[in-house]
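Residue numbers (our numbering): 1010 to 1185.
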Amino acid sequence: MSDLTNKNAVDELAEHVRDKIDILVNNAGLANPSSAMQGDPDEWEEKMMTVDLLAPMRLTRRLAPEISKRESGGYIINISSVAGFEALPGIGGYNAAKFGFTGWAKSTYQELKEHNVGVTTIYPGYVASEMTMDAPVPQDKMIRPEDIAQAALLPFRMSPYACPTDIVVRPAQKLS
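#1: If you run the structure through DSSP and keep just helix, strand and coil, what is residue 1014?
#2: Determine, using beta carbons only, whether residue 1102 and residue 1041 come nearer to each other than 7 Å.
#3: Ends of the alpha helix (DSSP H) at residue 1157?
#4: Indicate whether residue 1127 and residue 1108 have their beta-carbon atoms separated by less than 7 Å.
#5: Tell me the DSSP secondary structure of residue 1175 in three-state form.
#6: With three or more C-beta pairs closer than 8 Å as the rule, is the region 1155–1162 touching the region 1112–1121?
#7: Can you give me the start and stop residues for the beta strand (DSSP E) that residue 1129 sits inside?
#8: I'd like the list of long-range same chain contacts for residue 1177, defined as Cβ closer than 7 Å, with 5 residues on each side in sequence excluded.
#9: Under 7 Å between the Cβ atoms of residue 1154 and residue 1136?
#10: Find the nearest neighbour of residue 1080 within the set 1152, 1021, 1073 and 1125, judged by alpha-carbon distance.
#11: What distance in whole Å lies between the Cβ atoms of residue 1077 and residue 1022, which are believed to be in contact at a cut-off of 8 Å?
#12: With a threshold of 16 other CB atoms inside 10 Å of the CB of residue 1062, please say whether the residue is buried or exposed.
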């Protein structure tokens, strides 16, 4: 385990795994439910922006050059949120972090495809997890974590000539 709010810990993690991985999964996330006009930017910066945006940027930057040296290439799976491409009310800071993550993911795809590294970003809706325990949606109607795991496996079930760059996973039922 590493404290993703601490950039030195993130760097240590990257150093520890750098020659041992072919696949990076950026999956950590924090949500701070507050509107764009009522939220506290200091709170957003302190943890949420760091974990949701800066830590995956830092890990990707530290590990992608090493992954790209692999003969068979490598892969980066980013777990984002529908809030990364669709602004949702009441979570302005989270939207900003996830929109930033989307931009980063799209840039890394463009830069790393030349080096045989695929980049896929998954944008789930509400997933039944510890993070959504207090969400205004019933847990029994949310996406299951194993559904996101299946989405993350999609690139590895395709030919090496295909890279699904964006996968959106939404709940199958009305949430209210």
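For every residue, glycine included, the Cβ atom is placed at its ideal position computed from N, Cα and C.
Walking through what the data contain:
#1: Coil.
#2: Contact: yes.
#3: For residue 1157, the enclosing alpha helix (DSSP H) starts and ends at 1154–1162.
#4: Going by C-beta atoms, residue 1127 is not nearer than 7 Å to residue 1108.
#5: The three-state secondary structure of residue 1175, taken from DSSP, is strand.
#6: Put simply, the region 1112–1121 does not touch the region 1155–1162. Fewer than three CB pairs are less than 8 Å apart.
#7: It spans 1126–1133 - the beta strand (DSSP E) in which residue 1129 sits, taken as one unbroken run.
#8: In chain order, 1091 and 1132 place their CB closer than 7 Å to the CB of residue 1177, counting only its own chain and leaving out the 5 sequence neighbours on each side.
#9: Taking 7 Å as the cut-off, the Cβ atoms of residue 1154 and residue 1136 count as close.
#10: Per the Cα distances, 1125.
#11: That pair is no contact at about 19 Å.
#12: Under a 10 Å Cβ-count criterion, residue 1062 is classified as buried, with 16 or more other Cβ atoms of the shown protein chains found around its own Cβ.
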